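J.:
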Amino acid sequence: MYHIYQPNDFHPPIAMGPKWSKQIERRKAVVSERKKLRKLKEKCGCDYPGCDFHPTDRKNWMSGLNPAKLQINKIVWPGTHDSATDKIGIMAITRPFAQCQSLSIYQQLVRGTRVLDIRVEKNGKVCHGIITTYAVDVVLDDVKRFLSETESEIVILEIRTEYGRQDPPAFEKFLLENLGELLIHQDDCVFEKTVAEILPKRIICVWKPRESPEVKPGGPFWSSGYLKDNWINTDLPMTKFESNLKYLSQQQPVGSRKYFYRVENTVTPRADNPIVCVKTVTNRIHGYGRLFISQCFLQDCVNRLQIFSIDFINEDFVDACVGLNQARIEGKA
């Protein structure tokens, strides 16, 4: 447990003074920012058009909202950050430092997730930083299983080579062999189509290699420019919350842009802070997804919100996004 230094309690060696001082200031900043978020929630609340809507079947929520009324670029897509980390590393040893989801890919999709963030390395294993887990085949099998059990659900599958890692060889060929008949080919016209117009194709696959050339226009895969975000490396929840709003407000409205834009309702452990377990840190912002949506209404940028992702996704987060989709269909958002 983190210990706050008290002058009459414990005196660290002189050489440790600057480091302790920095950690104390960091802890104070975290406490202050969590307090600001709570006060904002108390002051403004989390109500917005569609906030009281709950899908009867999260596994088939797109079908339940009517695929003929769901236009691809106007969908609010609930997503997960570092999606395939449910079994990463060694339990109770390295897993707490890399795990961002506790559910399998299949379980996430059944719960309502529709955007997956998958990081790979040269051997075809999923990874988060230096820690690896199962092969990417497990991810693809779970996606195909889910799609075989549903009829009208579309999934955005982002696969990228992790930072500092090498691309898996012949990876486009591997993906095509496994997902070929399900892939929605790269085409700007897709954004203005409805889910019903795209079916029976089911997957928008964004492939982001680090060393290999970008995927070719018009092919089965979507290049990196089609999924954008403005990620900042911080464990301070109000800083991330405000950054998300700022960068979102700078985007074009969803109806006039030809790319997907992602907002991540997450904060990230920092090496200069003694608290480095993902779940403990990300919980600082985890419960404020609905507050973020309500603030988008208040700051007149809700028409820019599209992909909304989170660590350790739960039903309430999915419902918050699906409710906003319902409001858009009804012309209330």
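For any residue, its number in our numbering is found by taking its place in the sequence shown, counting from 1, and adding 30.
Even glycine gets a Cβ: it sits at the ideal position worked out from N, Cα and C.
Just so it is clear, the structure is predicted and the values come from calculations on it, not from any experiment.
Is the stretch 229-243 touching the stretch 178-193 in the sense that three or more CB pairs, one from each, lie closer than 8 Å?
T.: yes
J.: Please state whether the Cβ-Cβ distance between Ile214 and Phe290 is less than 8 Å.
T.: Start at 1 with the first residue of the sequence shown, and residue 214 comes out as number 184. Start at 1 with the first residue of the sequence shown, and residue 290 comes out as number 260. For Ile214 and Phe290, no; Cβs fall outside 8 Å.
J.: Identify, in the order they occur along the chain, each residue of the same chain with its Cβ nearer than 7 Å to the Cβ of Val106, setting aside the five sequence neighbours on each side.
T.: Translated into the one-based positions of the sequence shown, residue 106 becomes position 76. Within the same chain, Cβ atoms closer than 7 Å to the Cβ of Val106 are found at Leu335, Gln336, Phe338, Cys351, Leu354, Asn355, the five residues on either side in sequence being excluded.
J.: Would Pro108 and Val348 be called neighbours here (beta carbons separated by less than 8 Å)?
T.: What you label residue 108 is simply residue 78 of the sequence shown in a count that begins at 1. What you label residue 348 is simply residue 318 of the sequence shown in a count that begins at 1. For Pro108 and Val348, yes; Cβs fall inside 8 Å.
J.: Among the residues of its own chain, which have a CB less than 6 Å from the CB of Ile340, if the five just before and after it don't count?
T.: Position 310 of the sequence shown, counting from 1, holds the residue named residue 340. So the qualifying residues of the chain are Asn295, Phe347.
J.: Run the CB neighbour count on Leu328, radius 10 Å, all protein chains shown included, and call it buried at 16 or more, exposed below.
T.: As a first step, residue 328 is located in the sequence shown; it is residue number 298 there, counting from the start. Looking at its Cβ environment, which holds fewer than 16 other Cβ atoms inside 10 Å, Leu328 is exposed.
J.: Compute the distance between the beta-carbons of Ser324 and Asp77, then report whether it is under 8 Å.
T.: For the purposes of this step, residue 324 is identified with residue 294 of the sequence shown, where counting begins at 1. For the purposes of this step, residue 77 is identified with residue 47 of the sequence shown, where counting begins at 1. Yes, they are a contact pair.
J.: Start and end of the alpha helix (DSSP H) containing Leu206?
T.: Your numbering for residue 206 matches position 176 in the sequence shown. 201-209 is the span of the alpha helix (DSSP H), which, as asked, contains Leu206.
J.: For Cys157, I'd like the list of residues in its chain whose CB is within less than 6 Å of its CB, leaving aside the five on either flank, ordered along the chain.
T.: Mapped onto the sequence shown, residue 157 falls at position 127. Closer than 6 Å at Cβ, skipping near neighbours: Arg149, Glu151, Glu192.
J.: Report the partner residues of Leu229 according to the DSSP bridge assignment.
T.: For the purposes of this step, residue 229 is taken as the residue at position 199 of the sequence shown. Answer is none; Leu229 lacks a bridge partner.
J.: In terms of DSSP beta bridges, what is Thr224 paired with?
T.: Numbered from 1 along the sequence shown, position 194 holds the residue referred to as residue 224. Note: Thr224 sits in a beta bridge opposite Gln101.
J.: Anyone know if the C-beta pair for Pro299 and Val306 falls short of 8 Å?
T.: In the sequence shown, counting from the first residue as 1, residue 299 sits at position 269. In the sequence shown, counting from the first residue as 1, residue 306 sits at position 276. Result yes, Cβ atoms of Pro299 and Val306 sit closer than 8 Å.
J.: Runs of 3 residues minimum, wholly inside the stretch 142-190: which ones carry the beta strand (DSSP E) assignment?
T.: 145-150, 155-158, 161-165
J.: Just to confirm the assignment, what range does the alpha helix (DSSP H) spanning Ser93 have?
T.: Within the sequence shown, numbered from 1, the residue matching residue 93 stands at position 63. 91-95 is the span of the alpha helix (DSSP H), which, as asked, contains Ser93.
J.: To the nearest angstrom, how far is it from the Cα of Arg144 to the Cα of Pro199?
T.: By one-based count along the sequence shown, residue 144 stands at place 114. By one-based count along the sequence shown, residue 199 stands at place 169. Between Arg144 and Pro199, the C-alpha separation is close to 27 Å.
J.: At the level of alpha carbons, what is the spacing between Asn260 and Arg57?
T.: In the sequence shown, counting from the first residue as 1, residue 260 sits at position 230. In the sequence shown, counting from the first residue as 1, residue 57 sits at position 27. Their backbone Cα atoms lie some 25 Å apart in a straight line.
J.: Leaving aside the five residues before and after Glu63 along the sequence, list all residues of the same chain whose C-beta is less than 6 Å from its C-beta, in chain order.
T.: If you number the sequence shown from 1, residue 63 lands on position 33. Hits under 6 Å: Leu266, Pro267, Met268.
J.: Which residue comes first and which comes last in the beta strand (DSSP E) that contains Phe327?
T.: Looking up residue 327 in the sequence shown gives position 297. Premise fails: Phe327 lies in the alpha helix (DSSP H), 319-328, not in any beta strand (DSSP E).
J.: When DSSP builds the beta bridges, which residues end up paired with Val236?
T.: Start at 1 with the first residue of the sequence shown, and residue 236 comes out as number 206. Its beta-bridge partners are Glu188, Trp252.
J.: Just how far apart, CA to CA, sit Asp330 and Leu275?
T.: Sequence index remark: in the sequence shown, residue 330 carries index 300 (1-based). Sequence index remark: in the sequence shown, residue 275 carries index 245 (1-based). Straight-line Cα distance between these residues: approximately 10 Å.
J.: Would you kindly work out how many angstroms separate the C-alpha atoms of Tyr256 and Lys288, rounded to a whole number?
T.: Walking along the sequence shown from the start, residue 256 turns up at place 226. Walking along the sequence shown from the start, residue 288 turns up at place 258. Roughly 7 Å between the two C-alpha positions.
J.: Just the Cα atoms here: how many angstroms apart are Ala357 and Ser93?
T.: Translated into positions along the sequence shown, residue 357 becomes position 327. Translated into positions along the sequence shown, residue 93 becomes position 63. Using only the alpha carbons, I get a separation of about 16 Å.
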